[in-house]
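In the UniProt record's numbering, the protein residues as written are 240 to 551.
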Ligand code: PEP
Ligand code: MG
C-alpha cells in the first residue's frame, strides 16, 4: 500500500491518515504560475515579487502591479496566494532604490527594512494588492526581526483592508519571539534559506560554508519547532516556504513538528505529496522527535528516515 501511495499520490497534500498538509508552489514570475498549475499546487505559498522591480529605472506602475497580482489570483480561483512584499537590498540592488554601500549586505537594509527608507514603495505595493484583494490573498513581509517590525507591517496591511497579513520567520530573533509577532500577524511562514544563513552566521551565497546551510542542522529544526509551537498556541497558521520543504523526508518532519502547510519549487511537489501520503501524522511526529534528538545534521536525517520507510 505504501508503494502504491508513493507512486500515485494525487490531489491535495495529506498524510496517510488524512491530516491535510496543503502543498503550495513558490513562484518568482508569472511564467512560474504555469508550472505551479501543472504540478497541481493548491495555490502559491510564496509569490516573490522582485521580478516586478528588477532591471528598470522606475518603480512598476500601479496598473502593472495589479495585473501581476490579479494574474496569480486568477490562476488559482478560490485558492490561496501568499504574496511577499519586495525583498531587495544591497544584495539585490535596484536602480531606483539606492542604498548606501554596505560591508555586509545580508545584514543591512534589505527586505522590510528597505521600506523604512522608502515607505512610499511599500505603500504603493500594498495599495496595488488591496485593489485586487479577495479572500485567498495573503500578504507577508520578509526579513522581519522584531515585534515592532511585525506591528508596523501588519498595521499598514490592516489600514488598507487586506484580508490576511503575515510575517516571514527568517531571523532567529523572530523565531525566538514568534509568540509576540503572532500577537499582530495572522500567520507566519518560515524561510529556511535565510533562517539557516542567520542562525549559523553562514553566507548562503558562499560555497565554502554551504554545509551550514543544511536544514537538517538540529538547531534549525529547533527554531522551526519553536515557531510552529508558538503558532499552534496562538491558533494561527505556520507554513514553511524555504527550500527545506522540497525534501520529502524533511516535509514529513516539518509536518511532524506542527507546520501546517508547505511551499516549494513546483518540480518538488509530486515527491513531497507522495511522501506525505505514505506516512501517518504519528509517524511524522515520531520522525520529527527522533531527528530533533540528534546532535548532527547527518544523524538527524538518518534518524528521521528510519521512521519513514520508503523514502530515500
Ligand atoms: C527563504 O529565505 O527561505 C525564502 C523563502 O526567501 P528567499 O529564498 O527568497 O530569500
Ligand atoms: Mg529569504
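By construction, the Cβ of each residue, glycine as well, lies at the ideal position given by its N, Cα and C atoms. Note that the structure is a prediction, hence the values are computed from the model and not measured.
DSSP bridge partner residues for residue i (one or two, in chain order)
i: residue 319; result: 282
i: residue 380; result: 406
i: residue 426; result: 405
i: residue 328; result: 331
i: residue 416; result: Answer by DSSP bridge pairing: none, since residue 416 is not bridged.
i: residue 287; result: 323
i: residue 312; result: None, per the DSSP bridge assignment.
i: residue 336; result: 333
heavy atom of ligand 2 below 8 Å from residue i C-beta
i: residue 432; result: yes
i: residue 381; result: yes
i: residue 326; result: yes
i: residue 503; result: no
i: residue 409; result: yes
i: residue 267; result: no
Environment of residue i [buried if 16+ CB atoms lie within 10 Å]
i: residue 572; result: In the structure displayed, the chain extends from 240 to 551; residue 572 sits before or after that span and is not available.
i: residue 350; result: buried
i: residue 264; result: buried
i: residue 310; result: exposed
i: residue 295; result: exposed
i: residue 540; result: buried
i: residue 301; result: exposed
i: residue 267; result: exposed
i: residue 522; result: buried
i: residue 248; result: buried
i: residue 481; result: buried
i: residue 452; result: buried
i: residue 398; result: exposed
CB of residue i within 9 Å of CB of residue j, strictly
i: residue 274; j: residue 435; result: no
i: residue 515; j: residue 252; result: yes
i: residue 406; j: residue 428; result: yes
i: residue 383; j: residue 365; result: no
i: residue 455; j: residue 527; result: no
i: residue 255; j: residue 417; result: no
i: residue 338; j: residue 325; result: no
i: residue 288; j: residue 322; result: yes
i: residue 411; j: residue 462; result: yes
i: residue 495; j: residue 476; result: no
i: residue 312; j: residue 376; result: yes
i: residue 258; j: residue 520; result: yes
i: residue 213; j: residue 360; result: The requested residue 213 is not part of the displayed model; the chain covers only 240 to 551.
i: residue 281; j: residue 335; result: no
i: residue 484; j: residue 511; result: yes
i: residue 466; j: residue 414; result: yes
i: residue 548; j: residue 513; result: no
i: residue 371; j: residue 292; result: no
i: residue 426; j: residue 369; result: no
i: residue 473; j: residue 502; result: no
i: residue 459; j: residue 439; result: yes
i: residue 278; j: residue 509; result: yes
Check: residue i C-beta below 8 Å from any heavy atom of ligand 1
i: residue 252; result: no
i: residue 482; result: yes
i: residue 225; result: For residue 225 there is no data in the structure shown, the boundaries of the chain being 240 and 551.
Residue i at chain D interface by Cβ criterion, 9 Å
i: residue 314; result: Judged by its chain identifiers, the structure shown contains no chain D, having just a single protein chain.
Ligand 3 heavy atom lying under 8 Å from the CB of residue i
i: residue 264; result: For the structure depicted, ligand 3 is absent and the ligand set comprises only ligand 1 and ligand 2.
Scan the segment 246–275 and note each continuous beta strand (DSSP E) run of 3 residues or more that stays entirely inside, going in chain order. Whole beta strand (DSSP E) segments, 3+ residues: 262–266.
Where in the segment 462–542 do unbroken runs of the beta strand (DSSP E), each at least 3 residues long, occur, reported from the N-terminal end onward? Counting whole runs of 3 or more residues, the segment 462–542 contains the beta strand (DSSP E) stretches 477–479, 500–503.
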